[in-house]
Amino acid sequence: MEGCHWTTAGTLLLASLVLSSRTPRSEEDRDTLWDAWSSWSECSRTCGGGASYSLRRCLSSKTCEGRNIRYRTCSNVNCPPEAGDFRAQQCSAHNDVKYQGQFYEWLPISNDPDNPCSLKCQARGTSLIVELAPKVLDGTRCYTESLDMCISGLCQIVGCDRQLGSTVKEDNCGVCNGDGSTCRLVRGQYKSQLSTNKLNDTVVAIPYGSRQVRLVLKGHDHLYLETKTLQGLKSENTLSSTGSFLIDNSSIEFQKFPDKEILRISGPLTADFTVKIRYAGDGDSSVQFIFYQPIIHQWRETDFFPCSASCGGGYQLTSAECFDLRSNRVVSDQYCHYYPENIKPKPKLQECNLDPCPASDGYKQIMPYDLYHPLPRWESTPWTACSLSCGGGIQSRSISCVEEDIQGHISPVEEWKCMYTPKMPVVQPCNIFDCPQWLAQEWSPCTVTCGQGLRYRVVLCIDHRGMHTGGCSPKAKPHIKEECLVPTPCYKPKEKLPVEAQLPWYKQAQELEEGAVVSEEPSFIPEAWSPCSVTCGVGNQVRLVKCQVLLSFSQSVADLPMDECAGPKPVSQRACYSGSCSGEATEYTSEQMELLYGSLQEFDELYDWEYKGFTECSESCGRGVQEAVVTCLNKQTRETADETLCVTSRRPPQLLKACSLDPCPPR
């Protein structure tokens, strides 16, 4: 009860007064039968909104029409937070009075729909609810979320203007009889992204002055609050149980359930609140939030600028400046442009200094400005080039206020002279269409019918119109080839079989491995091998390798320079065997075997898998992983080769390692 009290003399007197049930007439018609109104009584409360009354006496021997009592609100200043609830004070006043022979600590029962103006209290720790008084003291709120107050046991309507009988209400921004233009509705949803290196995350930042805050968490994670006052004091508040709390002078209502948490703050917030989530590790959670955020930067009209002429008739203008309601200072216009609801007021123009100049002959006639002196105007330079070729960039220009004299000479003047018309924008978005992106088509069937093989797909660079184009990042290009495994087992012939039995199989595998199809991505396309250079024994074969692309709009193939194709160029020469020169079909000697398969053995020994560094960290901050890069290398030149050249070697296992970067900034 510290900082706030009530008076009882007026309440006892009011209980004995009866209001007339007759239809009242105007004050002027009935005042002749009444004595003058008495002075107003002491207010029933010293803060938080109370009631005061005034009485008058009927001077007639008959019944006077009208009321003998009138009320008004008083002490409409907010009580300090430590004062507590007025209804709760009245309940606690009975703590030292025995009820049925026992002392209880009484707590208020609010929002009784049947009789909101009776004093009902509940004994702490029990289900005992008792009406300790038929009437609460005057000025007690009928309901917790309303300004309506109880007077003489009856609930009286009170508007946000604190006047009895008024129906004026606050808008969502807390402005009495406002139009909702000083705040904006913010609503959204947060979904947790469980990570091994993150124990908590920021859900939403709610600025000072926000109202009607409501958050609902669904899941097994937990909410907690961080606050920062305007003086810079920070604190962290854990919400561990259901109840009402006072955090930095803001009343918090929190409900905790096994799989849900609900947070309500009626506001206005007296500090900046940051709602955070602490992960419990039991699956994903979601948080829905909604609140009204004050528009703390608003336009404010200035006084008139100095007159454009000291005599003989001139003009002067007002302007608008962006004002920070929190710091009470003027800030850059960009802060007010942030809010779409903020409409900059148009400047006002008026005539001034109409007295004739001393050196002139008589009074100078004031004519419309555009007839004798054109008004200053905005002029702009051409737009600069866009900062980005796609994905949304910006371009800028310079704006200046210029003035033209009667001879047509243009000169720059102060900006305030042009403020009677809106200033043209100095920046604008450009190239807001999406950047080209890689589009991967479906995988081809596996190149083998059993065991391990390869499969391919076409990857195109597509622009925002769906057309094939260039400009996609090579680093982000999806791979066009990968290993595939057909679960059917392969049955290979043993090495002791005649060599002739292996030749067709090897030739078919080579042709299958080296085949290529022209696609809409530049790629190396080898032509058919030439006939063997000899008719018997071991010779050479050559072929032509081109860089080609399929033109989608004409469905024709175009040749490109070799440097337009990515990846290793297929070989253009190889060894070939045309059979025995003697025509005999006998088993080959070891020298013949070495001669025949020399190119294949050299092929196996020349290319092999090797680790070559690690990929970039999977996370841009915090902790992530890196994967070892496995490449097919030419052992002699140490250059990267096409992966198909290493197909005969066993691919090494995948290697991962942890990577640690700077901590992630809070959201």
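Throughout the sequence shown, residue numbering follows mature numbering (1 follows the signal peptide of the UniProt record, and there is no 0), covering -20 to -1, 1 to 647 in sequence. We put the CB at the ideal spot given by N, CA and C, even for glycine.
- Query: With distances taken from CA atoms, which of Arg618, Asp622, Lys397 is nearest Phe504?
  - Reply: Asp622
- Three-state secondary structure (DSSP) at Glu395? helix
- Distance between Val116 and Asp15 (C-alpha atoms, nearest Å): 30 Å
- Item | Residue range of the alpha helix (DSSP H) that includes Asp313 | 313 to 317
- Item | Beta-bridge pairing of Ala289 - partner residues as DSSP gives them | None, per the DSSP bridge assignment.
- Can you tell me whether Arg618 is buried or exposed, with buried defined as 16 or more other CB within 10 angstroms of its CB? exposed
- Task: List the whole-angstrom C-beta distance separating Ala317 from Arg258, where the pair is believed to meet the contact cut-off of C-beta under 8 Å.
- Result: One point to set straight first is that residue 317 is His, not Ala, in the sequence displayed. Between Arg258 and His317 the Cβ distance is about 37 Å, and since that is not below 8 Å, they are no contact.
- Message: On the DSSP bridge list, what partners appear for Leu440?
- Response: Leu419
- Message: Please classify Glu125 as buried or exposed, where buried requires at least 16 other C-beta atoms within 10 Å of its C-beta.
- Response: exposed
- Three-way DSSP call (helix, strand, coil) for Phe66 in this model: helix
- Are Trp418 and Lys457 close, meaning C-beta to C-beta below 8 Å? yes
- Item | Delimiting residues of the beta strand (DSSP E) encompassing His74 | Counting along the chain, His74 falls outside any beta strand (DSSP E), and DSSP gives it neither H nor E.
- Task: State the DSSP-derived secondary structure class of Leu530, mapped to helix, strand or coil.
- Result: strand
- Item | Of the listed residues Asp92, Ser40, Arg121, Asn95, nearest to Gln69 (C-alpha basis) | Arg121
- Query: Are Lys637 and Val609 close, meaning C-beta to C-beta below 8 Å?
  - Reply: no
- Message: Going by DSSP in three states, Pro274 sits in which element: helix, strand or coil?
- Response: strand
- Return the Cβ separation of Tyr272 and Leu205 in integer angstroms, given the expectation that the two are a contact with Cβ distance under 8 Å. That pair is no contact at about 18 Å.
- Item | Contact belief for Lys324 with Trp279 at Cβ below 8 Å, rounded distance in angstroms | 5 Å
- Grab the span of the beta strand (DSSP E) containing Ser224 for me, first residue to last. 223 to 227
- Pick out whichever of Gly28, Gln375, Arg52 has its Cα sitting closest to the Cα of Ser21. Arg52
- Looking at the unbroken beta strand (DSSP E) that takes in Tyr295, where does it start and where does it end? 294 to 297
- Item | Proximity of Cys140 and Cys101 at Cβ, strictly below 8 Å | no
- According to DSSP, is Val301 helix, strand or coil? The question names Val, but residue 301 in the sequence shown is Glu. DSSP places Glu301 in strand when its eight states are reduced to three.
- Query: Counting along the chain, where does the beta strand (DSSP E) carrying Cys332 start and finish?
  - Reply: 329 to 332
- Task: Give a yes or no on contact between the region 404 to 423 and the region 437 to 445, applying the rule of three or more CB pairs nearer than 8 Å.
- Result: yes
- Task: Could you have a look at Pro645 and say whether DSSP puts it in helix, strand or coil?
- Result: coil
- Item | Pick from Ser391, Leu524, Cys516, Phe303 that is closest to Tyr319, judged by C-alpha positions | Phe303
- Item | Span separating the alpha-carbon of Pro360 from that of Val407 | Strictly speaking, residue 360 in this sequence is Ser, with Pro absent from that position. Each residue's Cα considered, the two are about 11 Å apart.
- Message: Using the three-state DSSP reduction, which class does Asp92 fall into: helix, strand or coil?
- Response: coil
- Query: Near Met542, which residues of its chain fall below 6 Å by C-beta distance, leaving aside the five closest residues on each side in sequence?
  - Reply: Cys527
- Query: Exposed or buried, Ala31, counting other C-beta atoms within 10 Å across all chains shown (16 or more means buried)?
  - Reply: buried
- Ile412 versus Asp443 - alpha carbon distance: 13 Å
- Determine the contact status of Ile396 and Leu329, defining contact as a CB-CB distance below 8 Å. The question names Ile, yet the displayed sequence has Trp at residue 396. Contact: no.
- Following the continuous beta strand (DSSP E) through Asn56, name the residue where it begins and the one where it ends. First-last for Asn56: undefined, no H or E at that position.
- Secondary structure at Lys149, three-state DSSP: helix, strand or coil? coil
- Message: Taking contact to mean 3 or more Cβ pairs, one atom from each stretch, closer than 8 Å, check whether the region 234 to 243 and the region 181 to 200 are in contact.
- Response: yes
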